[in-house]
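*Asks:*
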Amino acid sequence: MGDTLKIVVLVKHVPDAQFDRHIGPDRTLERSESILSELDEYALEAALQLSEARGGEKAGNQVIALTMGTADAANALKKALQIGASSGVHVTDEALAGSDAWATSLVLAAALRAIGDVDLIVAGMASTDGETSLVPAQLAERLGLPQLTFASSLEVEGRTAVIRRDGGTTSDTVEADLPAVVSVTDQINEPRYPNFKGILAAKKKKIATFSLADLGLDAGQVGSAGALTRVEQAEPRPARTAGTIITDEGDAGVKLVDFLAAQKLV
Amino acid sequence: MTMTATLVYLDVLPAEGLRKPQLDLLAAGRILGPVSAAVATPPSDAVVQQLGEHGVETVYTPDESDLSSYLVAPQAAWLAAVAAVAQPGAIVLDNSFEGKEIAGRLGVRLDAGVITDVVALEADGTAHKSVLAGSYEVSAKATSPVAVFTVKPGAAEAAAAPAAGSPTVTTVEVPQGAFAHAARITGRTDRPRSGRPELTEAAIVVAGGRGTDGDFGPIEELADALGAAVGASRAATDAGWISHDFQVGQTGKTVSPQLYISAGISGAIQQKAGMQTAKIIVAVNSDPESPVFEIADFGVVGDLFKVLPQATEEIKRRRA
Ligand SMILES: Cc1cc2nc3c(=O)[nH]c(=O)nc-3n(C[C@H](O)[C@H](O)[C@H](O)COP(=O)(O)OP(=O)(O)OC[C@H]3O[C@@H](n4cnc5c(N)ncnc54)[C@H](O)[C@@H]3O)c2cc1C
């Protein structure tokens, strides 16, 4: 439709990394004190900027926040609505617990098909809990869409999206026609905070809820039942204990080298 | 112990020979079983011979199609075609952005479990990795017939095979339609090189943060005295004092060196995520309450502009 964009931002509700995070006896992450994954805020900001540059919601642009997760995960959507997303979509089902990237991308791909006519799918560069960065590439594969991932800049001109992707040895310009899957790094922008107006406005915004059955998926394909990887053991890394701490009295540089020498590092 | 036929993916092979990390990756594959290699560009004879010396039995190359000007999608399509020929039980890739993304796509194409960020592999296919910003160590397995692993540098040490073989080179065509929905790489610039060791491969890293106030001189001089790589916190890269390439942490590089010297860095969780698996951590910070001291094996409460130059001089003096 002309110049307007229908953008879906993938958001995840994750345990807050500021607190200790724990893996439970069932070898899955304990989901306490959760927040909207910080890295998804950059994705939302990128989507809002694209929408606003085209006149925003009034002009017919949409920024839809999509999440998959427990009932609680709606809090990540609410935060996204407060920041400025126009509506939310929540895929929730008990069978989803324990899903790996393979199952997550399966469910999100089905949800994106259900939403329909999406021009751009924007994700963060990784979730701050799973940290695998697999989902955007898997979504692109499942949907048969080009992937423009790890973007440190993003521009959309007409029906073409262009990103900069900074790799280990080169910095690349990558482009593709819409619709496309994009993931953005924390280099791309400075995410905004929700303001009072946004918090009030969010109360009137809608969240649509889908179950697996709504998406035509089978419980056996997802969650722990459908996972293609299994965690065998999970041990907290022995906490690093503070070693010797000295206060500089004019000779700490020499003492530092004494320490390195004792460790055979010089 | 059952051996798993393993396919190792190597992207661009330098004509003069494989790079050390590529040889290490082959060694990681050999932990699982006999290896074949899928190389994205046609290898020179010298490279084929070198692959044979490192235990590769079959080398797969694409027909003349150029995969390098597209982002990961055609590579994944081609690698899936190779897998259909080679029938591996495991596929091993490096842990770069591209490696992980090709692995993810293969996971979808082959209905295969994917394990990323692997730091060690066992012959039975058990993979070890750290999760939650380095606070947990887990071992995991794929439950699918094919397992896909992306392996970090240092997981295995390159070694010549007991008997060098001469691998057969087999061409596998890039499947039709592989380019149909691929993003095009339309421009490429080389990133400046520092002349110092590669951050993710270095045995020693000296890193600076906001406490440098923009002056990385003392960090670089200590790094050079130690033959170390230079790293930085996000505060330092955000300020534009040093390129993002040098950022250590959640959204930068993850490093596990023998020694990490942190100077003028407070030690936020996102910074720790990238360095707390270092063998030894030394911290220099003027604030005794700084959280970095909770994880330091040796800490100096002091001014980095005094402590670091003195340490650099002392190292040079002892060497002389
Ligand atoms: C989504 C997200 C991702 C992030 N990713 C990363 C990441 O990958 N890597 C990363 O590092 N951070 C990351 N951060 C930022 C992180 O939260 C911290 O803000 C950052 O690490 C702080 O950098 P710093 O320690 O250099 O600065 P500060 O926290 O400001 O600390 C500076 C330190 O320098 C000390 N100091 C000052 N002067 C001197 C002196 N003369 N001598 C000695 N010490 C001195 C001070 O006491 C202080 O402890 C991320 C944040 C977010 C939200």
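So the protein sequences, as listed, match chains W and B.
Heads up: the first sequence runs through residues 1047 to 1312, numbered per our numbering.
Heads up: the second sequence runs through residues 1478 to 1797, numbered per our numbering.
For glycine and all other residues, C-beta sits at the position ideal for the given N, C-alpha and C.
Quantities reported herein were computed from a predicted structural model and do not represent experimental measurements.
1) In angstroms with no decimal places, state the Cα-to-Cα distance between Gly1642/B and Ala1514/B.
2) Should Thr1645/B go down as buried or exposed, given a rule of 16 or more other Cβ atoms within 10 Å for buried?
3) Check whether the stretch 1590-1599 of chain B touches the stretch 1545-1554 of chain B, counting contact only when three or more Cβ pairs, one atom from each stretch, lie closer than 8 Å.
4) Near Arg1073/W, what residues of its chain come up, given a Cβ to Cβ distance below 7 Å and the 5 sequence neighbours on each side ignored?
5) Taking the alpha carbon of Val1512/B as the point to measure from, which residue in Pro1519/B, Thr1481/B, Pro1498/B has its own alpha carbon closest?
6) With a 10 Å radius around its C-beta and 16 neighbouring C-beta atoms as the bar for buried, classify Thr1215/W as buried or exposed.
7) Closer than 9 Å, CB to CB, is Gln1184/W near chain B or not?
8) Measure from the C-beta of Gln1753/B to each C-beta in chain A and report whether the shortest distance is under 9 Å.
9) Helix, strand or coil for Arg1067/W? Go by DSSP, reduced to three states.
10) Is Gly1691/B helix, strand or coil when you go by DSSP?
11) Arg1668/B versus chain W: which residues are under 9 Å apart at the beta carbon?
12) Taking only three categories from DSSP, how would you classify Arg1210/W?
13) Using a Cβ cut-off of 8 Å, pull out every chain W residue sitting near Thr1620/B, in sequence order please.
14) Who are the near neighbours of Ile1313/W in its chain, counting only those whose CB is closer than 8 Å to its CB and skipping five residues on each side?
15) Of all the residues that make up the stretch 1770-1785 of chain B, which are near chain W by a beta-carbon distance shorter than 8 Å?
16) Is any non-hydrogen atom of ligand 3 found closer than 8 Å to the C-beta of Val1761/B, if you look at the structure I gave you?
17) Is it a yes or a no for the stretch 1753-1763 of chain B touching the stretch 1118-1128 of chain W, going by three-plus beta-carbon pairs under 8 Å?
18) Under 7 Å, CB to CB, which of the residues in the stretch 1656-1680 of chain B have a partner in chain W?
19) Quick check: is the beta carbon of Val1562/B nearer than 9 Å to any beta carbon in chain W?
20) Please indicate yes or no: does the CB of Ser1733/B lie closer than 8 Å to some heavy atom of ligand 1?
21) Are there any heavy atoms of ligand 1 lying less than 8 Å away from the beta-carbon of Gly1729/B, as far as the coordinates show?
22) My guess is that Ala1226/W and Pro1192/W are in contact by the Cβ rule of under 8 Å, so how many angstroms apart are they, rounded?
23) By the three-class DSSP mapping on this structure, what secondary structure does Arg1673/B have?
24) Measuring from the CB of Val1769/B, is there a heavy atom of ligand 1 at a distance below 8 Å?
25) Assign Tyr1239/W to buried or exposed, taking buried as 16 or more other Cβ atoms, counted over all protein chains shown, within 10 Å of its Cβ.
26) Near Thr1174/W, which residues of its chain fall below 7 Å by C-beta distance, leaving aside the five closest residues on each side in sequence?
27) Of the choices Ser1080/W, Asp1218/W, Arg1211/W, whose alpha-carbon is the least far from that of Val1230/W?
28) What are the complete alpha helix (DSSP H) segments, minimum 4 residues, inside the stretch 1615-1684 of chain B?
29) Assuming Arg1100/W and Leu1158/W form a contact by the criterion Cβ under 8 Å, report the distance between their Cβ atoms to the nearest whole angstrom.
30) Going by the beta-carbon positions, is the gap between Thr1483/B and Gly1566/B smaller than 9 Å?
31) According to DSSP, which residues form a beta bridge with Ile1738/B?
32) Name, please, each residue of chain W whose Cβ falls closer than 8 Å to the Cβ of Ile1757/B.
33) So, helix, strand or coil for Pro1225/W, using DSSP?
34) Identify, in the order they occur along the chain, each residue of the same chain with its Cβ nearer than 7 Å to the Cβ of Ala1636/B, setting aside the five sequence neighbours on each side.
35) From which residue to which residue does the beta strand (DSSP E) around Arg1276/W run?
*Replies:* Taking the geometry as given:
1) 13 Å
2) exposed
3) no
4) Val1277, Ala1280
5) Thr1481/B
6) exposed
7) yes
8) Structure shown: chain A not included; protein chains present are W and B.
9) coil
10) coil
11) Asp1212, Gly1213, Gly1214, Thr1215, Thr1216, Ser1217
12) strand
13) Ala1273, Leu1274, Thr1275, Arg1276
14) Examination of residue 1313/W is not possible in this model, given that chain W is present from 1047 through 1312 alone.
15) Phe1770, Glu1771, Ile1772, Ala1773, Asp1774, Phe1775, Gly1776, Val1777, Val1778, Gly1779, Asp1780, Lys1783, Val1784, Leu1785
16) For ligand 3, the structure offers nothing, since it holds only ligand 1.
17) no
18) His1658, Ala1659, Ala1660, Arg1661, Ile1662, Thr1663, Gly1664, Arg1665, Thr1666, Asp1667, Arg1668
19) no
20) no
21) yes
22) 5 Å
23) coil
24) yes
25) exposed
26) Val1060, Ala1063, Ser1083, Glu1084, Leu1085
27) Arg1211/W
28) none
29) Not really, about 21 Å apart at Cβ, beyond 8 Å.
30) yes
31) Val1683/B, Val1759/B
32) Gln1309, Leu1311
33) coil
34) Ala1504
35) 1275-1282
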